[in-house]
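Here the structure is laid out as structure tokens; the discussion comes afterwards.
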Amino acid sequence: IVYEQEGVFIHSSCGKNDDQDNLIAGILRVIEKENEVVVDWRPLDETLDTSNILYAGKDSSSVVEWTQTPKEKCSRGTDRPSSYEAEWDMVTTVSFKKKPHSNGDATTHANRESKWSFLFSLTDLKSIKQNKEGMGWSYLVFCLKDDVKLPALHFHHGDSKSLIKCLEKHVALNESPHDERVLLVKTQKSLSQSFENLFDEPSYGLLQKWKKDPYVVTMGKFSKVTNYIVGTLRSSDQSNQRRPPSEMADFFNDTIPGLKINQQEEPGFEVITRIDLGKQPEVSRREPVSVEEWAKNMDSEGRILDVDYIKRLIFKGGLCHTLRKEAWKFLLGYFPWNSTKEERANLQKRKTDEYFRMKLQWKSVSEEQEKRNSRLRDYRSLIEKDVNRTDRTNKFYEGEDNPGLILLHDILMTYCMYDFDLGYVQGMSDLLSPVLYVMENEVDAFWCFVSYMDQMHQNFEEQMQGMKTQLIQLSHLLRLLDSGFCSYLESQDSGYLYFCFRWLLIRFKREFSFQDILRLWEVMWTELPCQNFHLLLCCAILESEKQQIMDKHYGFNEILKHINELSMKIDVEYILCKAEAISMQMMNCKELPQTVSEILGIENSSVTPDSDTGEDESGAELSCPTSLYQSISTPVIAANGTRDGAQQAAETQSLTPA
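So for the sequence shown, the UniProt record's numbering puts the first residue at 1; every next one is plus one.
Spelled out as structure tokens, the structure:
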């Protein structure tokens, strides 16, 4: 309990025959729990029957009826937990429609008071209206996100400002530009909290925690993010049915509603039929780009001679580790590809000055200032929490008082100064960690991270539009690739691929080993062979797992469990080969649907506006980077992960620019 105040009244207009309000005295508390903060008001009556406290189901967008509490529900034999603490976790919104009484005249004063009891989570708070009454005491009105207004709370003993100060420790409150009496809740912190525990423990241990306490421990956070995406994607038809509780309860527990998936086709999806992509071609990979190859492609002033050629080399084989510190700066856009060595040195000097000016901004904030800056305080708290658990098994970050951890912290805090609107959201430390590991330099790592965040920014924005778009695009691609597998996933309530959320959010950072991520990211940063290549990587992983999922008839819970347990078990070279093969399949398709063409950025004069059109009469070919495959013709690593028989010759063959 972080705040408690007696003498907080509700003025009820439930009087029988007079116009005066009934004064209902109560206690207001703010309770800090492990995963959320709850505001609770209840009448001051020791004989209060807790069955009259009103609860609403989780994720309900509008609640217009009172719902029963654990005491009442248990008497009816429901399987929800009866613990008072557990029930709090399911409360989000309450509205105030009176319960009918069989004998209204006989209702006691205590029962009449208890009907007004309420509690809600701060994550559901939209605004607070504050005012002064002529009688001398202040009152506050809480408005929730579904526009439900709770009864005004009158502070007869004063001190409503203490409550506001307490709440500001947990949410950011800003004065409304339209009404100075209204404080609006900024949702950035709640968004950050939505990502908490999203990435933790991808193996079976996570499943055990979900089963033990799915809402409080982990799924509460995962479901908030997932439900937002699913709720955005699904149609307005609310008649869709959930899977049988007997199957669902084993994994998610019936106390977590909102994960049902609308199996109806989303408007705008093309019905892809009668399109044969043909057989996936054989694709192989080469050895990483060497220091010698890099140096040969640079003139005396340090300019890259053939940018497209060097990108193709990196796409086909990645980089040797010695080159990464320099090459990543080009791939991420920190260094212009056409810059000279001298120009890059001057750029670094300017960027160093700019970085330390921003770093000084948060370094010079005093403790007193920070007490009055809740957003900065929140960013710092979340960053410190995440830094202490980011890649701690890597030697660069392991141990206490590790200088790598200090740099990780300082760069993330400085990024908050660079982009204060976004600030810090959980998951961003995962994106910075490999960059800092490679750069081994605070300033260079910061500006490379800035460039990476420019690409990833939409993933972390409040509305998560980037995540929604990518999930829709992934559905399009997978449906074209294998409509039968898509239909199977839909039949198991998994058609919107929300189990790929983590893959997309932090670009597979938790799915591959640390060294494999370095390889995967540098390949993706080439932006070859098409745009949104990371979505084809998702398709490659899912297609690789299709046989097991379908042959073993995995249901909703088994699919999610199986996908989560793939972490650290995926062969990066095999998946890169497979994703490239899929891209070639689609690029060579003469009946490629318009939507897929736009997703991959392929210009194709014979693109079909829908899937029912026949072959293009002009016979026009796809405009795609076929030179990618023509110029690097002697691969070393085959798609199945084995060495090609022509390896020895390939290692001695020199590659010339296309």
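Cβ atoms here follow ideal geometry from the backbone N, Cα and C, with glycine treated the same way.
Can a CB atom of chain B be found closer than 7 Å to the CB of residue i?
i	result
residue 160	This model lacks chain B altogether, as it is built from one protein chain only.
Sorted by chain position, which residues of the same chain lie with C-beta nearer than 7 Å to residue i's C-beta, five sequence neighbours on each side aside?
i	result
residue 358	414, 417, 418
residue 307	337
residue 516	572
residue 175	183
residue 168	374
residue 409	383, 384, 387
residue 12	21, 22, 24, 116
How about residue i: is its Cβ closer than 6 Å to a heavy atom in the ligand ATP?
i	result
residue 12	Annotation note on the ligand ATP: not contained in the displayed structure, which lists no ligands.
Could you pull out every residue in the same chain whose Cβ sits closer than 8 Å to the Cβ of residue i, ignoring the five residues on either side in sequence?
i	result
residue 407	436, 442, 445
residue 166	2, 3, 30
residue 364	none
residue 298	304, 305
residue 527	311, 533
residue 545	562, 563, 566
residue 371	377
residue 469	458
residue 327	289, 294, 314, 319, 522
Cβ atoms of residue j and residue i: under 7 Å apart, would you say?
i	j	result
residue 334	residue 451	yes
residue 149	residue 172	no
residue 520	residue 572	yes
residue 537	residue 497	no
residue 144	residue 124	yes
residue 314	residue 289	yes
residue 23	residue 8	no
residue 38	residue 127	no
residue 735	residue 547	Lying outside 1 to 658, the shown extent of the chain, residue 735 is not represented and no answer is given.
residue 458	residue 465	yes
residue 287	residue 317	yes
residue 485	residue 560	no
residue 540	residue 590	no
residue 155	residue 137	yes
Between residue i and residue j, how many whole angstroms is the CB-CB distance? I'm expecting something under 8 Å.
i	j	result
residue 514	residue 434	7 Å
residue 456	residue 448	Actually they are not in contact, since the Cβ atoms of residue 456 and residue 448 sit about 12 Å apart, beyond 8 Å.
residue 522	residue 324	7 Å
residue 428	residue 412	7 Å
residue 524	residue 512	With 8 Å as the limit, residue 524 and residue 512 do not qualify as a contact, their Cβ atoms being about 12 Å apart.
residue 494	residue 556	6 Å
residue 159	residue 5	6 Å
residue 481	residue 275	Residue 481 to residue 275, Cβ: 10 Å. No contact.
residue 382	residue 478	Their Cβ separation, rounded to whole angstroms, is 34 Å, which puts residue 382 and residue 478 out of contact at 8 Å.
Could you tell me if residue i is buried or exposed, where buried requires 16 or more neighbouring beta carbons within 10 angstroms of its beta carbon?
i	result
residue 1	exposed
residue 360	exposed
residue 43	buried
residue 423	buried
residue 178	exposed
residue 33	exposed
residue 350	exposed
residue 501	buried
residue 467	buried
residue 403	exposed
residue 553	exposed
residue 492	buried
residue 476	buried
residue 162	exposed
residue 353	exposed
residue 583	buried
residue 369	exposed
residue 390	buried
residue 300	exposed
residue 26	buried
residue 396	buried
residue 157	exposed
Leaving out five residues on either side along the sequence, give the residues of the same chain with a beta carbon under 6 Å from the beta carbon of residue i.
i	result
residue 625	Note on residue 625: pLDDT 47, under 50, position unreliable in the model; the coordinate value appears next. Once the five neighbours on either side are set aside, the close Cβ partners of residue 625 are 529.
residue 430	506, 509
residue 280	581, 585
residue 623	Low local confidence applies: a pLDDT of 43 at residue 623 is under 50, so the model's placement there is unreliable, with the coordinate-based value given in what follows. Contacts found: 603.
residue 294	323
residue 10	24, 116, 151
residue 277	585, 589
residue 170	37, 122
Threshold first: 4 residues or longer. Then list the alpha helix (DSSP H) segments lying entirely within the region 479-551, N to C.
483-491, 501-505, 514-525, 533-551
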